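**Q**
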DNA sequence: CAATAATCTACTAAATCAGTAGGCTAAAAG
DNA sequence: CTTTTAGCCTACTGATTTAGTAGATTATTG
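Residue numbers (this note's numbering), protein chains in the order written: chain A, 286 to 422; chain B, 286 to 422.
1) Would residue 288(B) pass as a contact of residue 368(B) if the rule is Cβ separation under 8 angstroms?
2) Quick check: residue 406(B) and residue 410(A), are their CB atoms within less than 8 angstroms of each other?
3) Going straight from the alpha carbon of residue 311(A) to that of residue 345(A), what length do you get?
4) Please classify residue 313(A): is it buried, with 16 or more other beta-carbons within 10 angstroms of its beta-carbon, or exposed?
5) Quick check on the burial criterion: 16 or more other C-beta atoms within 10 angstroms. Buried or exposed for residue 383(B)?
6) Using a Cβ-Cβ cutoff of less than 6 angstroms, which residues in the same chain neighbour residue 385(B) once the five nearest sequence positions on both sides are dropped?
7) With the cut-off set at 8 angstroms, would you say residue 292(B) and residue 396(A) are in Cβ contact?
8) With distances taken from CA atoms, which of 422(B), 325(B) and 341(B) is nearest residue 394(A)?
9) Between which residues of its own chain and residue 290(A) is the CB-CB distance below 7 angstroms, once the five residues before and five after are set aside?
10) Just list the alpha helix (DSSP H) runs in the region 309 to 343 of chain A, keeping only unbroken ones of 4 residues or longer that don't cross its boundaries, in chain order.
11) For residue 393(B), decide whether its Cβ has a neighbour in chain A, counting only Cβ atoms nearer than 8 angstroms.
12) Going by the beta-carbon positions, is the gap between residue 352(A) and residue 408(A) smaller than 8 angstroms?
13) Express the C-alpha separation of residue 389(B) and residue 347(A) in angstroms, rounding to a whole number.
14) According to DSSP, is residue 379(B) part of a helix, a strand, or is it coil?
15) Where residue 361(B) and residue 413(B) are concerned, what is the direct C-alpha to C-alpha distance, given to the nearest angstrom?
16) Counting C-beta neighbours from all protein chains within 10 Å, is the total for residue 286(A) 16 or more, i.e. buried, or is it exposed?
17) Helix or strand or just coil, what does DSSP make of residue 301(B)?
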């Protein structure tokens, strides 16, 4: 199940992608338009700024804006930051690999075998989609 | 993240697939061999029996056994029973569809758009893999 | 009848999720 | 230089899910 955090984060990015990058957009505006709790969105956008997706400006006329062009923002990177590892199991994760404590051998493990295929299928999607690809129209 | 329940369920199914369908295998044997908590596995196997994957026999010489051949058991069905919906969001789910409370329009929703692609990619994997496909060798 | 092994009910500790509350800091306007 | 604006930061909280445990019950076999 996709977390609300990821859902809201994606919606906020999509909202910002449709606006002028040179004019900051306030959290409150995004929250209202996308029906998101203001305070919750606040922490999500802060996170997206710290991980290099957004820039921000304080004070009057401040807000958030995309740092890169929508077509340069890969879903792989967005998902890893918002949702965490793309793999469903650490033993098939590229960026967060960890051996399973219970599993004696990955080669013969059927869970590993299946989850590897699932990971590849998901990576394929996330690698071939940028923020620009998921905008309306 | 894949739940332990699903992980253990898959391992148990794989274990049973490698054994004679006519000779029941005890929970304790599977639990020991796969390093799974006995009581937890108990409830998982019960669930798999109630959903038509396993048969059981009580008393001495009892245990669990597969009802169908491994190549007849689709991962789509196993995953839906163990892990729940394959879609990451109810608004793109085939079997558990639900409208998002916050989202006014699915057509223009970028989350919907992305998650539809993800769902299709995952379905592709689960539909093309049976229990036989994820066994060792 | 005794032993075996699945079935059923109920409880629980720990973690994660989805927020809230409230004060702090930087920038712009007057 | 003070007020307003809007993001920044820390800490807490209720609800839900996860991964179990404990213990009694029921059916089967020898």
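Idealized CB from N, CA, C, for every residue including glycine. Here the structure is a predicted model, which is why all the values come from computation and not from measurement.
**A** On the basis of the supplied data:
1) The sequence position of residue 288(B) within the second chain is 3, counting from 1. The sequence position of residue 368(B) within the second chain is 83, counting from 1. Yes; because the gap between Cβ atoms is below 8 angstroms, this pair is in contact.
2) Walking along the second chain from the start, residue 406(B) turns up at place 121. Walking along the first chain from the start, residue 410(A) turns up at place 125. Result yes, Cβ atoms of residue 406(B) and residue 410(A) sit closer than 8 angstroms.
3) On the first chain, position 26 is the one that residue 311(A) refers to. On the first chain, position 60 is the one that residue 345(A) refers to. Rounded to the nearest angstrom, the two C-alpha atoms are 10 angstroms apart.
4) Counting from 1 along the first chain, the entry for residue 313(A) is found at position 28. Residue 313(A) comes out exposed.
5) Position 98 of the second chain holds residue 383(B). The residue in question, residue 383(B), is exposed, as its Cβ has fewer than 16 Cβ neighbours within 10 Å.
6) As a first step, residue 385(B) is located in the second chain; it is residue number 100 there, counting from the start. Hits under 6 angstroms: 376.
7) For the purposes of this step, residue 292(B) is taken as the residue at position 7 of the second chain. For the purposes of this step, residue 396(A) is taken as the residue at position 111 of the first chain. Judged by beta-carbon spacing, residue 396(A) lies within the 8 angstroms limit of residue 292(B), meaning their Cβ atoms are closer than that value.
8) By one-based count along the first chain, residue 394(A) stands at place 109. Among 422(B), 325(B) and 341(B), the Cα nearest to that of residue 394(A) belongs to 422(B).
9) Taking the first residue of the first chain as position 1, residue 290(A) is located at position 5. Here the set comprises 329 and 367.
10) DSSP runs (the alpha helix (DSSP H)) wholly in the region 309 to 343 of chain A: 312 to 319 and 323 to 335.
11) By one-based count along the second chain, residue 393(B) stands at place 108. Cβ-Cβ to chain A under 8 angstroms: yes for residue 393(B).
12) The count along the first chain starts at 1 and reaches residue 352(A) at position 67. The count along the first chain starts at 1 and reaches residue 408(A) at position 123. Cβ distance not < 8 angstroms, so residue 352(A) and residue 408(A) don't count as in contact.
13) Mapped onto the first chain, residue 347(A) falls at position 62. Mapped onto the second chain, residue 389(B) falls at position 104. Their Cα atoms are separated by approximately 28 angstroms.
14) Taking the second chain and counting its residues from 1, the one referred to as residue 379(B) is at position 94. In the structure shown, residue 379(B) sits in coil (DSSP, three-state: anything other than H, G, I, E or B).
15) Here residue 361(B) refers to the residue found at position 76 when the second chain is read from its first residue. Here residue 413(B) refers to the residue found at position 128 when the second chain is read from its first residue. Taking the straight line joining both Cα atoms gives about 9 angstroms.
16) Along the first chain, one-based indexing puts residue 286(A) at 1. Exposed is the call here.
17) For this step, residue 301(B) is matched to residue 16 along the second chain. Reduced to three states, the DSSP call for residue 301(B) is helix.
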